[in-house]
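In case it helps, full-length UniProt numbering puts the sequence shown at residues 1 to 131.
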Amino acid sequence: MLYDTVDRAKVEEMVHRFYADVLKDDILSPYFTKALGSDLKSGKWHEHLNTLIGFWLLMMNAEIGYKGDPFPPHAFLGQMYRETFERWLILFKNVVEGMFVPEIAQKFYKKADILAEQFIENLGIDEEEED
């Protein structure tokens, strides 16, 4: 049964499912294991996952809790490409579509797509590929 509401427990489940998939992915896993390790139960991951839970609650429910800019922690993860973000979006879409009714899954995905485009712009990825 797909969820038709968004609350802390569901966002927590979504974030944990997504990053479990990320760690199994050949393209994305190296970025995250380099920065956070490969154990989702570690302190670094715990902090990261809690930050993301707060971020998505803010994005989806305007729930206060997340403060900051999501870009800076990702700026030094190594060379990224448009394909890196496309892969991130595919995994994200698969998770949200597997958990939420279509209207909510689409809302999550739309926000993730905007975020990915902002990261691509901030990292100057398309400019680098044109050189």
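For every residue, glycine included, the Cβ atom is placed at its ideal position computed from N, Cα and C.
Asked: Beta-carbon proximity check, residue 104 vs residue 4, cutoff 8 Å; Found: yes
Asked: Proximity winner among 16, 8 and 25, relative to residue 84 (alpha-carbon distances); Found: 25
Asked: Beta-carbon proximity of residue 31 to residue 77, cut-off 8 Å; Found: yes
Asked: CB of residue 57 within 8 Å of CB of residue 16, strictly; Found: no
Asked: Cβ-based burial, residue 128 [other Cβ within 10 Å; buried from 16]; Found: In this prediction, residue 128 has a pLDDT of 49, which is less than 50 and means its spatial position is unreliable; what the coordinates show is noted afterwards. With fewer than 16 Cβ atoms within 10 Å of its Cβ, residue 128 is classed as exposed.
Asked: Supposed contact pair residue 95 and residue 14 - C-beta distance, whole angstroms, cut 8 Å; Found: 6 Å
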